[in-house]
Amino acid sequence: NAGVMQNPRHLVRRRGQEARLRCSPMKGHSHVYWYRQLPEEGLKFMVYLQKENIIDESGMPKERFSAEFPKEGPSILRIQQVVRGDSAAYFCASSLNGQANEQFFGPGTRLTVL
Amino acid sequence: QKEVEQDPGPLSVPEGAIVSLNCTYSNSAFQYFMWYRQYSRKGPELLMYTYSSGNKEDGRFTAQVDKSSKYISLFIRDSQPSDSATYLCADDSGGSNYKLTFGKGTLLTVNP
Chain A
14 NAGVMQNPRH LVRRRGQEAR LRCSPMKGHS HVYWYRQLPE EGLKFMVYLQ KENIIDESGM
74 PKERFSAEFP KEGPSILRIQ QVVRGDSAAY FCASSLNGQA NEQFFGPGTR LTVL
Chain B
1213 QKEVEQDPGP LSVPEGAIVS LNCTYSNSAF QYFMWYRQYS RKGPELLMYT YSSGNKEDGR
1273 FTAQVDKSSK YISLFIRDSQ PSDSATYLCA DDSGGSNYKL TFGKGTLLTV NP
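These protein sequences, in sequence, are chains A and B.
Residue 14 is where the first sequence starts when you use my numbering, and the numbers rise one by one after that.
Residue 1213 is where the second sequence starts when you use my numbering, and the numbers rise one by one after that.
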């Protein structure tokens, strides 16, 4: 009974490169959420997706960040032209019914921008 | 979005102690309040949640809500070294039903 899976676990990019973070939800879960944890900060909501739909992207930076959850395959968080301030832990969570009290988190991807 | 404030700690207690972890919230419209445990370099693990109007007990863990003071507490009885972790409180951002607002976390160390 695999939990939420994220890869890669660690990602190093140079300024200006692209970062792609992947998230496979728990089996049977069709709701996916992305959160970002900056150093010394709490987790901040970024985006909520269901299969093929973005439900709420109010926490996403307006530029360079995008997310998708295709019909087949994992959810992808894409950061274009990364800057040092993007260095953080990015966590994906999934839920069965889209309820706040049932989000299960993955192990995270730690992005380092050099 | 309104904030969730959490005692930053760190908190260090001897094994067997009762631990009290606290948060305050500002958004009275929340429906659910969650407690997560996060070990170093790992993802948050859902410990338990309470509905806005009630308390909940699960083994050694008890979550309490005080709506008059907007105070949320997690009590850990008979604390164990394996309880050493960062504890995160979160609410559902005023009843959004999916968007969690987290506190910054309290680092707990239980010494054998």
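Just so it is clear, CB atoms sit at the ideal spot from N, CA and C, and this is done for glycine as well.
Subject >> For Arg35(A), the nearest candidate out of Ala15(A), Ile89(A), Lys57(A), Leu62(A) (CA to CA) >> reply: Position 22 of the first sequence holds residue 35(A). Nearest of Ala15(A), Ile89(A), Lys57(A), Leu62(A) to Arg35(A), Cα basis: Ile89(A).
**OP:** Quick one: using the 10 Å Cβ neighbour count with 16 as the cut-off for buried, is Leu51(A) buried or exposed?
**Re:** Residue numbering aside, residue 51(A) sits at position 38 when the first sequence is read from its first letter. Taking every protein chain shown into account, the CB of Leu51(A) has fewer than 16 other CB atoms within 10 angstroms, so this residue is exposed.
Original post:
Using a C-beta cutoff of 7 Å, does Lys1268(B) count as contacting chain A?
Top reply: Stepping through the second sequence from its first residue, residue 1268(B) is reached at position 56. Answer no: the Cβ-Cβ gap between Lys1268(B) and chain A never drops below 7 Å.
Original post:
Rounded C-beta distance between Leu127(A) and Ala32(A)? I'm assuming under 8 Å.
Top reply: Here residue 127(A) refers to the residue found at position 114 of the first sequence. Here residue 32(A) refers to the residue found at position 19 of the first sequence. With 8 Å as the limit, Leu127(A) and Ala32(A) do not qualify as a contact, their Cβ atoms being about 12 Å apart.
Subject >> Secondary structure of Asn114(A), DSSP reduced to three states >> reply: One-based indexing of the first sequence puts residue 114(A) at position 101. In the structure shown, Asn114(A) sits in a helix (DSSP, three-state: H, G or I).
Original post:
In chain A, what lies closer than 9 Å to Leu1312(B) by C-beta?
Top reply: Position 100 of the second sequence holds residue 1312(B). Going along chain A in sequence order, the residues near Leu1312(B) (Cβ under 9 Å) are Tyr46, Tyr48, Leu56, Phe58, Ala106, Ala113, Gln116.
Original post:
Is Asn1309(B) close to chain A, meaning its C-beta is less than 7 Å from at least one C-beta of that chain?
Top reply: One-based indexing of the second sequence puts residue 1309(B) at position 97. Taking Cβ atoms only, chain A reaches closer than 7 Å to Asn1309(B), which makes this a yes.
Original post:
So what does DSSP say about Ser1294(B), is it helix, strand or coil?
Top reply: Numbered from 1 along the second sequence, position 82 holds the residue referred to as residue 1294(B). DSSP places Ser1294(B) in helix when its eight states are reduced to three.
Subject >> Gly1228(B) at chain A interface by Cβ criterion, 7 Å >> reply: Within the second sequence, numbered from 1, the residue matching residue 1228(B) stands at position 16. Output row for Gly1228(B): interface = no.
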